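Trainee: So the mapping is simple: this note's numbering equals the position in the sequence shown, first residue as 1, plus 49.
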Amino acid sequence: MSDITIPAGARELPGYLAVPDGEGPWPGVVIVFEAMGANTDMRAQADRFAANGYLAVLPDLYGGAPWVRCVTKAMRDMRARRGPTYDHIEATRAWLAARDDCTGDVGVCGFCMGGGFALVAAAKYDFQAASVNYGMLPRRPEEALRGACPIVASYGGADPALRRAADKLERALTIADVTHDVKEYPGAGHSFLTGFAPPPPLGPVAKIVFGLGRGREHAPDGWDRIFAFFGDHLAKKSTT
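1. Note down, in chain order, each residue of its chain lying with its Cβ closer than 6 angstroms to the Cβ of F279, except the 5 sequence neighbours on either side.
2. Tell whether a beta-carbon distance below 7 angstroms holds between R92 and Y65.
3. Mind checking A147: buried by the 16 CB within 10 Å criterion, or exposed?
4. If you reduce the DSSP assignment to three classes, tell me which class S141 lands in.
5. The beta strand (DSSP E) with C151 in it runs from where to where?
6. Leaving out the 5 sequence neighbours to the left and right, which residues in its chain are closer than 6 angstroms to G77 when beta-carbon positions are compared?
7. So, do the segment 199 to 208 and the segment 226 to 238 have three or more beta carbon pairs nearer to each other than 8 angstroms?
8. Rounded to the nearest angstrom, how far is the Cβ of Y234 from that of L211, given a contact under 8 angstroms?
9. By the 10 Å Cβ neighbour count, where 16 or more other Cβ atoms means buried, how is G163 classified, buried or exposed?
10. Does the separation of the CB atoms of I80 and L107 fall below 7 angstroms?
11. Where does the unbroken alpha helix (DSSP H) through L218 begin, and where does it stop?
12. So, at 8 angstroms on beta carbons, what are the nonlocal neighbours of L186 in its own chain, with the 5 sequence-adjacent residues on each side left out?
13. Distance check for D90 and E191, CA to CA, integer angstroms please.
14. Measure the beta-carbon distance from R263 to G236 and round it to whole angstroms, keeping in mind my assumption that it falls under 8 angstroms.
15. What three-state label does DSSP hand P74 in the structure shown?
16. Could you pull the DSSP bridge partners for S51 from this structure?
17. Tell me, which residues are paired with V231 by DSSP?
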């Protein structure tokens, strides 16, 4: 596991690369972080993918700057479905696919804000599979997601900020004829798949607004679904 830099246009983007044990090449995965940035929890998710046989990279889409200075602009890009943040996600995908230790097939996995980016990127770029975890839906999702790669998505039924998002995404992907597995976990709040904990001043607010910390007992099933789906649509593709 190592800190790396990723060429992204006229600049270099810092990142974290997690490499599986053994001998490659391996399929790749781009991890798109939550609003708080490339923190220890998000690095742990890259390590999780590496432990399951994927060459995983976590680009620091904030370029090393504090999240409080960057999150508003990133959210603006995410909602607009264009902008530098998307450019950096695509630069990371292209860099990873071109590595000798990558098969050239790459998936994307996003959490929270990153889930919204991953959802749009599934249709915007040449990813082979996408994992969307409590991600915001784009406007007119039936149109925005047309032509997307296969998508596996997880939402919490006790996440007040994303009420009915799973139902809406299920309907949109069915209309757009995109292969998918969408599941809502009753009783689960936001960020239930990871060990994420917000900074102390934000903790009480996050529990109220997002139901943060609830339903982590559902995480094993969520991860089983993600790796089964990526196994079918990314790993197997790399061996055919």
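We put the beta carbon where it would ideally sit given N, CA and C, even for glycine.
No experiment lies behind these values; they were computed from the predicted model shown.
Mentor: Taking the coordinates as given:
1. Within the sequence shown, the letter at position 230 stands for residue 279. G156, A178, listed in sequence order.
2. As a working mapping, residue 92 is identified with position 43 in the sequence shown. As a working mapping, residue 65 is identified with position 16 in the sequence shown. Yes, these two residues count as a Cβ contact at 7 angstroms.
3. Locating residue 147 in the sequence shown gives position 98, where the first residue counts as 1. A147 is exposed by the Cβ-count criterion.
4. For this step, residue 141 is matched to residue 92 along the sequence shown. Note that residue 141 is Thr in the sequence shown, not Ser. T141 falls in the helix class under three-state DSSP.
5. Here the question's residue 151 lines up with position 102 in the sequence shown. Where C151 is concerned, the enclosing beta strand (DSSP E) stretches over 151 to 160.
6. Against the sequence shown, residue 77 aligns to sequence position 28. Within the same chain, G77 has close Cβ partners L104, L145, C151, V155.
7. yes
8. Taking the first residue of the sequence shown as 1, we reach residue 234 at position 185. Taking the first residue of the sequence shown as 1, we reach residue 211 at position 162. Incorrect: roughly 12 angstroms between the Cβ atoms, too far for contact.
9. Here residue 163 is taken as the residue at index 114 of the sequence shown, counted from 1. Under this definition G163 is a buried residue.
10. By 1-based counting over the sequence shown, the position of residue 80 is 31. By 1-based counting over the sequence shown, the position of residue 107 is 58. Yes, the pair counts as a contact, with Cβ atoms nearer than the cut-off.
11. Taking the sequence shown and counting its residues from 1, one reaches residue 218 at position 169. 214 to 224 is the span of the alpha helix (DSSP H), which, as asked, contains L218.
12. Working through the sequence shown from its first residue, we reach residue 186 at position 137. So the list reads G165, L168, A214, K217, L218, A221, once near-sequence residues are dropped.
13. Sequence index remark: in the sequence shown, residue 191 carries index 142 (1-based). Sequence index remark: in the sequence shown, residue 90 carries index 41 (1-based). Distance between the alpha carbons of E191 and D90: 32 angstroms.
14. Mapped onto the sequence shown, residue 263 falls at position 214. Mapped onto the sequence shown, residue 236 falls at position 187. Yes, R263 and G236 are in contact; Cβ-Cβ is about 6 angstroms, under 8 angstroms.
15. Here residue 74 refers to the residue found at position 25 when the sequence shown is read from its first residue. Three-state DSSP puts P74 in coil, outside helix and strand.
16. As a first step, residue 51 is located in the sequence shown; it is residue number 2 there, counting from the start. The partner list for S51 (beta bridge, DSSP) reads L66.
17. Taking the first residue of the sequence shown as 1, we reach residue 231 at position 182. Bridge partners of V231: A202.
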